Structure formats: C-alpha cells, structure tokens
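Just so we're aligned: 160 in the numbering used here is position 153 of the sequence shown, and the numbers increase by one with no gaps anywhere. We put the CB at the ideal spot given by N, CA and C, even for glycine. In this text, all values refer to a predicted model and were calculated from it rather than measured experimentally. Each remark here refers to the structure printed beneath this line.
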Amino acid sequence: MELKNKVSLITGAGQGIGEGIAQVLASHGSKVMIVDLNGESAMRVAKKINALFPNSAEYFEADLTDSKAIKSMIQATFSKFKKLDCICNNAAASKGLGPVENYSLEEVQATLDLTFISLWKCLQIEIQSLKEQSIPASIVNISSNSAIKGYAFNSIYAASKAAVNNLTQSVAKEVARNGIRVNAVSPGTINTPGVKQYFEAEPKAKEMLEKSSLLRRIGEPEEIGELVSFLLSERSSFITGQVISVDGGSSIN
Ligand SMILES: NC(=O)c1ccc[n+]([C@@H]2O[C@H](COP(=O)([O-])OP(=O)(O)OC[C@H]3O[C@@H](n4cnc5c(N)ncnc54)[C@H](O)[C@@H]3O)[C@@H](O)[C@H]2O)c1
8 MELKNKVSLI TGAGQGIGEG IAQVLASHGS KVMIVDLNGE SAMRVAKKIN
58 ALFPNSAEYF EADLTDSKAI KSMIQATFSK FKKLDCICNN AAASKGLGPV
108 ENYSLEEVQA TLDLTFISLW KCLQIEIQSL KEQSIPASIV NISSNSAIKG
158 YAFNSIYAAS KAAVNNLTQS VAKEVARNGI RVNAVSPGTI NTPGVKQYFE
208 AEPKAKEMLE KSSLLRRIGE PEEIGELVSF LLSERSSFIT GQVISVDGGS
258 SIN
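The structure is reproduced here in structure tokens:
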C-alpha cells in the first residue's frame, strides 16, 4: 500500500481522469478529498470510493478560480483528515475552439483562468499550507500532451498547459528545500465523458486517435491514476520537476 497513512486532495475529481485518480489513490491506501465545482458529482465519487474502501473519502464543492474557495478546500481537508501529504491539481476546462484568429479575448482569458490561473492560485495556497505543516509532501499537476506537441484548433488550451509544465519546473526548484516535490503528468487521449461524447459525434476521430498511439488504443483514467499514485508516494522520492507522459507512446509516434 504505497499511500498508507497519506491524505490526498484531488481537484476536478467529480468525473473523468480526476475520478480515476481518486479511486486509484484510495486503492493504494490514501484518504482522499474529492474536490469539484459540481458538488453532486463530487459526492457521487466519494460515495463510490467509500463503498469500495470504507471511510476513505470526503468531498468538497469549490470553484477553483476563486482563491477564497481554494482556502476553504484546504481548511476542509485539514478539518476532516488533520493533515495533507499529497495533492493532484487536475481540474481544467477550456472555452472556444477553432483557428487561432477566431478566438475572442474573452475565450482566451476564460481558458487561461480555467486551466492555468486557477492552478497557479491552487499552488499558491497549497504551498503556503504545506510549508506551515513542515512534513514531506508531493504535488502532481495534470498537464496534456498538447503542451508538448501543440493542438490545432485548441491552441489556447495547449498554450495554457505549456504554462502549467513550465510552472511545475520553476515551483519544483523553489520548494525542493522545503521537502516538497512537484511533477506533472501529461495524458494522451483518455476515455472520459467528454472524449466519449466527441467520439460519438466524430467516429473517424476515434480511429485516428487510436492509431496515433503505439499501443493502438486510448487510455483509461486509472492508467493516469497509477503514475500519479507513484509520484505522490515516497517510492518516487528522487523525482521532482519532471513532466511525464502517459499516452501509449503517442508523443513519440
Ligand atoms: N480527457 C483527456 O483525453 C485529457 C487529455 C489530456 C489532458 N487532460 C487533462 O486532464 C484533466 C482532467 O480532464 P478530464 O477529461 O477528466 O476532464 P472533465 O471535464 O471530464 O472533468 C474535469 C472536472 O473538473 C471540474 N472542474 C472544471 N473546472 C473547475 C473549477 N474551476 N473548479 C472546480 N472544478 C472544476 C469539472 O466539474 C469536472 O468534474 C484536465 O486537466 C485535462 O486538461 C485530459
């Protein structure tokens, strides 16, 4: 049980990759705080995890674009579990799609807010509270392969994720002396509600994306969860400042 006696907080864990991560962390022995904008989804995931691993999950509704809500999320975690060892900043969303010249400033600003600025706000508050706690800790930010390869017609999301990768490296340098490790996990295409919906509308895209992976399939949320669990655990004690892809090899194909 690589996360026995650990407390983990996962943002955007009400569905998709975040839900898969939370479930894997609980299966490795961690207590988990499920955070989402959608309180009902967060509650559903916490119930599901508690049915499998009794008394291991709590949930909290928060809009992570709001620093006050982020502070409350951290306070709620301490009040339920008394400490915090592991954090996965997974929540993100984007507004607008299409050629770069068609984006409005509002769409660019909203995508930056939802994908980069909210993650920076989370890190700011998380690191403050981890430093006060003075115990070794590990943070994983969820990025995207689009940050490495670019993403036609979703360029602002890709650029926001590139900023997440770079921030991960800088922050890792800043907090290493405090015993805090910071890494990023970069998923390829993963079987989530949004991706399922997209494939229903565009069946050819499914075939194309499966072929783009060396393993000829898309990934499952739990496959992201396994690397996140390793990076949050002490088994990865000499790894920090890294961006690691989980993508069936699509980034080198
Ligand atoms: N699905 C993929 O193929 C894929 C690929 C690469 C990277 N990613 C990244 O993985 C992460 C999860 O993606 P997903 O596909 O599971 O997304 P998703 O949209 O299925 O789930 C995201 C969750 O985050 C929550 N959320 C969004 N904004 C929030 C906010 N401001 N405050 C609190 N909660 C918020 C949503 O309510 C939702 O439950 C994201 O960072 C995404 O960019 C996904």
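On a CA-only basis, which of 113, 115, 139 is nearest residue 187? Give me that one, please.
Residue mapping note: residue 187 aligns to position 180 of the sequence shown, counting from 1. Here the closest residue by C-alpha is 139.
Short of 8 Å in beta carbon distance, which residues of its chain neighbour residue 76, apart from the five on each side in sequence? Order them along the chain.
The count along the sequence shown starts at 1 and reaches residue 76 at position 69. Closer than 8 Å at Cβ, skipping near neighbours: 69, 70.
Going by DSSP in three states, residue 144 sits in which element: helix, strand or coil?
On the sequence shown, position 137 is the one that residue 144 refers to. Residue state, collapsed to three classes: strand.
Counting along the chain, where does the beta strand (DSSP E) carrying residue 68 start and finish?
Residue numbering aside, residue 68 sits at position 61 when the sequence shown is read from its first letter. Residues 64-68.
On a Cα-Cα basis, can you pick out the residue from 24, 73, 72, 36 that is closest to residue 49?
Here residue 49 refers to the residue found at position 42 of the sequence shown. For residue 49, the nearest C-alpha among the options comes from 24.
Could you compute how far the alpha carbon of residue 159 sits from the alpha carbon of residue 82?
Within the sequence shown, numbered from 1, the residue matching residue 159 stands at position 152. Within the sequence shown, numbered from 1, the residue matching residue 82 stands at position 75. C-alpha separation (whole angstroms): 40 Å.
State the start and end residues of the unbroken alpha helix (DSSP H) segment that holds residue 174.
Residue mapping note: residue 174 aligns to position 167 of the sequence shown, counting from 1. Counting along the chain, the alpha helix (DSSP H) containing residue 174 begins and ends at 162-182.
Applying the criterion that 16 or more other CB atoms from any shown protein chain within 10 Å of the CB defines a buried residue, is residue 8 buried or exposed?
Along the sequence shown, read from residue 1 onward, the residue named residue 8 stands at position 1. That one is exposed.
What residue from 245, 232, 176 has the CA that sits closest to residue 198's CA?
For the purposes of this step, residue 198 is taken as residue 191 along the sequence shown, with counting starting at 1. Among 245, 232, 176, the Cα nearest to that of residue 198 is on 232.
Locate the beta strand (DSSP E) running through residue 191, then write down its first and last residues.
Locating residue 191 in the sequence shown gives position 184, counting from the first residue. Per DSSP, residue 191 belongs to the beta strand (DSSP E) from 187-194.
Please decide whether residue 206 counts as near chain B, where near means a Cβ-Cβ distance under 9 Å.
No chain B is part of this structure, which consists of one protein chain only.
Compare the beta carbon distance of residue 40 and residue 64 with 9 Å and say whether it is the shorter of the two.
Here the question's residue 40 lines up with position 33 in the sequence shown. Here the question's residue 64 lines up with position 57 in the sequence shown. Taking 9 Å as the Cβ cut-off, residue 40 and residue 64 qualify as a contacting pair.
Could you give the residue range of the beta strand (DSSP E) that holds residue 8?
If you number the sequence shown from 1, residue 8 lands on position 1. Note, residue 8: premise wrong, no beta strand (DSSP E); not H, not E.
I need the boundaries of the alpha helix (DSSP H) containing residue 239, first residue and last residue.
Counted from its first residue, the sequence shown places residue 239 at position 232. Its alpha helix (DSSP H) spans residues 228-239.
Identify whether residue 38 lies in helix, strand or coil by the three-state DSSP scheme.
Residue numbering aside, residue 38 sits at position 31 when the sequence shown is read from its first letter. Looking at residue 38 - three-state DSSP - the assignment turns out to be strand.
Please report the distance separating the alpha-carbon of residue 106 from that of residue 162.
Position 99 of the sequence shown, counted from the first residue, corresponds to residue 106. Position 155 of the sequence shown, counted from the first residue, corresponds to residue 162. Going by the C-alpha atoms only, they are around 8 Å apart.
Count the C-beta pairs between the segment 11-28 and the segment 81-98 that are closer than 8 Å, then say yes if the count reaches three, no if not.
In short, these stretches touch, since the Cβ pair count reaches three.
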